[in-house]
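Below is one structure, written out as C-alpha cells; comments come after it.
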Amino acid sequence: DIQMTQSPSSLSASVGDRVTFTCRSSDNIRRYLNWYQQKPGQAPKLLIYDTSNLQSGVPSRFIGNGSGTDFTLTITSLQPEDFATYHCQQTFSTPPSNFGQGARLEI
Amino acid sequence: QVTLRESGPALVKPTQTLTLTCTFSGFSLRSSGTCVNWIRQAPGKALEWLALIDWDDDKYYTPSLKTRLAISKDTSNNQVVLTMTNMDPVDTGTYFCARSKGWYPYYHEFGLDVWGQGTTVTVSS
Chain R
1 DIQMTQSPSS LSASVGDRVT FTCRSSDNIR RYLNWYQQKP GQAPKLLIYD
51 TSNLQSGVPS RFIGNGSGTD FTLTITSLQP EDFATYHCQQ TFSTPPSNFG
101 QGARLEI
Chain U
1001 QVTLRESGPA LVKPTQTLTL TCTFSGFSLR SSGTCVNWIR QAPGKALEWL
1051 ALIDWDDDKY YTPSLKTRLA ISKDTSNNQV VLTMTNMDPV DTGTYFCARS
1101 KGWYPYYHEF GLDVWGQGTT VTVSS
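Here the protein sequences come in this chain order: R and U.
According to our numbering, the first sequence holds residues 1 to 107 in order.
According to our numbering, the second sequence holds residues 1001 to 1125 in order.
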C-alpha cells in the first residue's frame, strides 16, 4: 500500500497569514492527490482533487500543487473559518485509498 | 441536493457484529461511475477508508479488515449496508459514508465529494 505522510502535524498561525502543508507519498502517485478540511465534530469536506482542482464552492485562497511524491496545500490570507484539520488522500493506487494522518491548523 | 445519512447502534459489545446503514438521496447507485464508500475515524486519529461498492456491484475492502467487512447495496431503497464482524474496542470511532465518482482503479480521483454526518460507535462490554 502507498503510505501518506503529512507535515507539519500541527501549525499555529494568525488570520491573514499564508500557510503551507505538505503531503508526501511513499510511491509515485502522479497527480492523484486530494485534500479535505475537517472541523471538530463534522465530516470532512472535499477541498481539492487531482492535486490542484478546486471543488465547487471552495475559495480560491486554497491552492494545491505538486506531483509524484510531494504535494502542498497552501492557504493564502487565512480566514477565521480556515482553522481546522487538513487531510490528504492518495487516489492513484486504489482501492485501498489511504489518507495522511492529518494536519491541525490552530490559531 | 445530494445527502447521505448513517445509522446504526451507538454501542456494541466486543465480539459482536456491527451493522451500519447509509441512506442516500439525490443520486442513484445505478448510474455508471457512482460509488458509496465507508470511512472511519478513531477519536483523535486519521481517517481510514474501509470499503467501497460501485454501481456495478463491485466491492473493495481495505486489506487489513477484509475478512471482517461486508458491503452491500439496496438500490431500490437507496441504501448501502456495511457489516463488521468481531468488533473490538479499537474499532471505536465515527463511521462515515461518502459518495465518490469514478471508474476502476480511479474510484476516488474526483474525491469523496459528499459525506454523511457520521455515526459514533463505541465498543465496550
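Note that CB positions come from ideal geometry on N, CA and C, so glycine has one too.
Quick caveat, the model's predicted, so the values are computed rather than measured.
6 Å Cβ shell around residue i - same chain, five flanking residues per side excluded
i                  : result
THR85 of chain R   : GLN38, GLY102 and ARG104
LYS1013 of chain U : SER1125
THR1094 of chain U : GLN1041, GLY1118 and THR1120
SER1007 of chain U : THR1021
Outcome for residue i when other beta-carbon atoms lying within 10 angstroms are tallied against a minimum of 16
i                  : result
GLY100 of chain R  : buried
TYR1104 of chain U : exposed
VAL1114 of chain U : buried
Residue i (DSSP reduced to helix, strand or coil)
i                  : result
THR1075 of chain U : helix
SER25 of chain R   : strand
LEU1065 of chain U : helix
VAL19 of chain R   : strand
GLU81 of chain R   : helix
Beta-bridge partners of residue i, as assigned by DSSP
i                  : result
GLU1048 of chain U : U:ARG1040
TYR49 of chain R   : R:ASN53
ALA1098 of chain U : U:ASN1037 and U:TRP1115
GLN37 of chain R   : R:LYS45 and R:TYR86
ASN65 of chain R   : R:THR72
GLY1093 of chain U : U:VAL1121
PHE92 of chain R   : Beta-bridge pairing links PHE92 of chain R to no other residue.
GLU1006 of chain U : U:CYS1022
THR1083 of chain U : U:THR1019 and U:ALA1070
LEU1011 of chain U : U:THR1122
7 Å CB neighbourhood of residue i in its chain, flanking five on each side removed
i                  : result
ALA1046 of chain U : none
ASN28 of chain R   : GLY68 and THR69
TRP1049 of chain U : ASN1037, ILE1039 and THR1062
GLN55 of chain R   : LEU46, LEU47, ILE48 and TYR49
GLN79 of chain R   : VAL15
Cβ neighbours of residue i in the same chain (closer than 8 Å, five flanking residues each side left out)
i                  : result
SER108 of chain R  : Residue 108 of chain R lies beyond the stretch modelled for chain R, which goes from 1 to 107, so this question has no answer here.
PHE1110 of chain U : SER1100, LYS1101 and GLY1102
| At a cut of 8 Å, does the stretch 65-78 of chain R reach the stretch 16-33 of chain R through at least three beta carbon pairs? | Verdict: yes, contact present.
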